[in-house]
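These notes concern the structure reproduced below.
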Amino acid sequence: MNKVKLFAKALKSAGNPNVSEEELAIYWDILQMNSNIPILIFDTSGHLIESKNITFKPDEKQLGKIELLRRKKMQKNPIKIEISKTKKQYIYYGYSPTLYRLQYMPFIQLFLIILLVVTGYILYQRVQQSRQNSLWAGLSKETAHQLGTPISSLIAWIELMKAQNIAPKYLPEIQKDVQRLKIVSNRFSQIGSPPSKKLQNIVPLIEETANYMNSRTSKLIEICFDKNIAPIFVEVNEELFVWVIENLLKNGVDAIKNKGKITITAEELTDEVKINIADTGKGIPPNMLKKIFEPGFTTKQRGWGLGLSLTKRIIEDFHNGRIFAKNSQNSGAIFRIILPKSKKEEK
């Protein structure tokens with residue numbers, strides 16, 4: 382604005398015959414210095430007299446004053462110059478290209494701040510996730526290590542009992558439980574490192590786990606699985622996959638207070654395999670549906686809250702699948718596992 386007023390004063394003085402040559406030279410320098418502010422000068426009749434720092438399209442100068450001011454985005458309040466008592470001119474000015482660009486600076490700064498905050502948050506989440514993964518790995522390996530010594534001792538005691546023919550009736554069951562402990566130890570050791578997977582039929586794996594849980598669960602609770610379905614081949618780690626099914630079955634058993642039923646279904650779709658485990662328990666409170674897979678979350682008085690979080694980690698991180706829970710329309714909860722079909726099998 383100040384530059385435009387100075388330009389107007391110089392323009393007015395340049396046309397004054399009483400101005401000295403030195404002053405006239407200064408005013409002409411001022412007029413020439415304006416190299417970026419767009420200016421339109423009109424007379425009292427609205428005719429365009431002069432323009433500066435403005436590019437016109439063909440025939441654009443023939444437009445009326447109002448339309449020309451609108452197209453060139455000039456300010457509405459002009460600076461009036463009295464050349465003489467009868468002659469007046471009006472200087473309309475606009476913003477320089479630099480000033481126009483500066484108008485967008487707050488938005489650019491806001492965008493950069495938001496980008497910086499989002500990037501920082503993502504990096505923070507990655508660091509936290511990395512730390513959590515390291516903690517999981519360390520905890521799992523240490524658990525497997527701690528279980529190793531007593532399991533070895535139990536195996537030695539079983540061999541001694543065999544040699545001395547002590548309690549031969551109960552030895553097979555004891556051996557089964559010790560073998561189960563070895564499997565648990567091996568599971569924890571695999572959580573701490575990328576597990577190996579192979580293509581195999583998951584139907585017998587689900588069946589064996591269902592039978593195992595049936596034999597160790599109250600007779601009031603029935604675990605059902607149709608073993609006569611067609612084979613379903615998926616690339617899985619056997620021990621970890623069985624652990625997932627076992628965890629979900631235990632969760633269903635805990636949800637059923639007295640008599641109830643747990644139904645397992647497996648279905649092969651075009652590009653994925655869907656496994657549902659539905660129980661007739663009390664269901665999951667709606668406000669807890671999003672929290673049940675979080676580490677440490679539990680509704681049990683003595684629970685650690687690690688079963689479902691480990692299940693989610695095994696399915697999503699190790700098997701590139703998905704798992705989620707929802708409440709049944711009738712009663713109870715449904716846990717759904719979705720695993721990708723193996724590309725080897727598709728070929």
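Read in order, the letters of the sequence shown are residues 382 to 728 in the numbering used here. C-beta: ideal position from N, C-alpha, C; glycine also. Quick caveat: nothing in here was measured; it's all calculated off a predicted structure.
- The shortest CA-to-CA distance from leucine 580 to any of Leu516, Ile602 and Phe622 is the one to Phe622.
- In terms of Cβ geometry, leucine 720 and valine 654 form a close pair [threshold 9 Å].
- Three or more beta-carbon pairs separated by less than 8 Å are not found between the segment 597 to 612 and the segment 690 to 708, which leaves the two stretches without contact.
- Taking C-beta atoms under 8 Å as the contact rule, valine 559 and leucine 528 fail to qualify, at a distance of about 11 Å.
- Just so you know, the alpha carbons of isoleucine 495 and lysine 672 end up roughly 28 Å apart.
- In terms of Cα proximity to alanine 525, the closest of Ile587, Phe569 and Asp660 is Phe569.
- In this structure, the beta-carbon distance from leucine 650 to asparagine 708 does not fall below 9 Å.
- Aspartate 660 sits buried, since 16 or more C-beta atoms from the chains shown fall within 10 Å of its C-beta.
- Relative to the Cα of asparagine 582, the nearest Cα in the group Trp624, Ala611, Asn567 and Glu554 belongs to Ala611.
- The beta carbon of glycine 688 lies closer than 8 Å to those of Asn628, Lys631 and Asn632 in the same chain, with the five residues before and after it left out.
- Taking the Cα of glutamine 571 as reference, the smallest distance to any Cα among Ile704, Asp698 and Asn595 is reached at Asp698.
- Here threonine 590 is buried: its Cβ has 16 or more other Cβ atoms, across all protein chains shown, within 10 Å.
- The three-state secondary structure of lysine 642, taken from DSSP, is strand.
- Beta bridge pairing from DSSP links phenylalanine 423 with Leu429 and Tyr471.
- Per the C-alpha coordinates, the member of Ile643, Pro667 and Glu648 positioned closest to isoleucine 658 is Ile643.
- Per DSSP, the continuous beta strand (DSSP E) segment holding phenylalanine 606 begins and ends at 602 to 606.
- For arginine 561, the enclosing alpha helix (DSSP H) starts and ends at 552 to 572.
- According to the DSSP assignment, proline 585 belongs to no beta strand (DSSP E) but to the alpha helix (DSSP H) extending over 583 to 596.
- In the DSSP assignment, glutamate 653 is bridged to Pro721.
- Buried is the label assigned to tyrosine 474, since at least 16 other Cβ atoms lie within 10 Å of its Cβ.
- Leucine 516 counts as exposed, since fewer than 16 other beta carbons sit within 10 angstroms of its beta carbon.
- Counting of Cβ neighbours within 10 angstroms places isoleucine 489 among the exposed residues, the total staying below 16.
- Sequence-distant partners of aspartate 652 (beyond 5 residues in either direction) whose C-beta falls short of 6 Å from its own C-beta, in its chain, are Lys722.
- Taking the Cβ atoms as the reference, serine 577 lies roughly 40 Å from asparagine 546, outside the contact range of under 8 Å.
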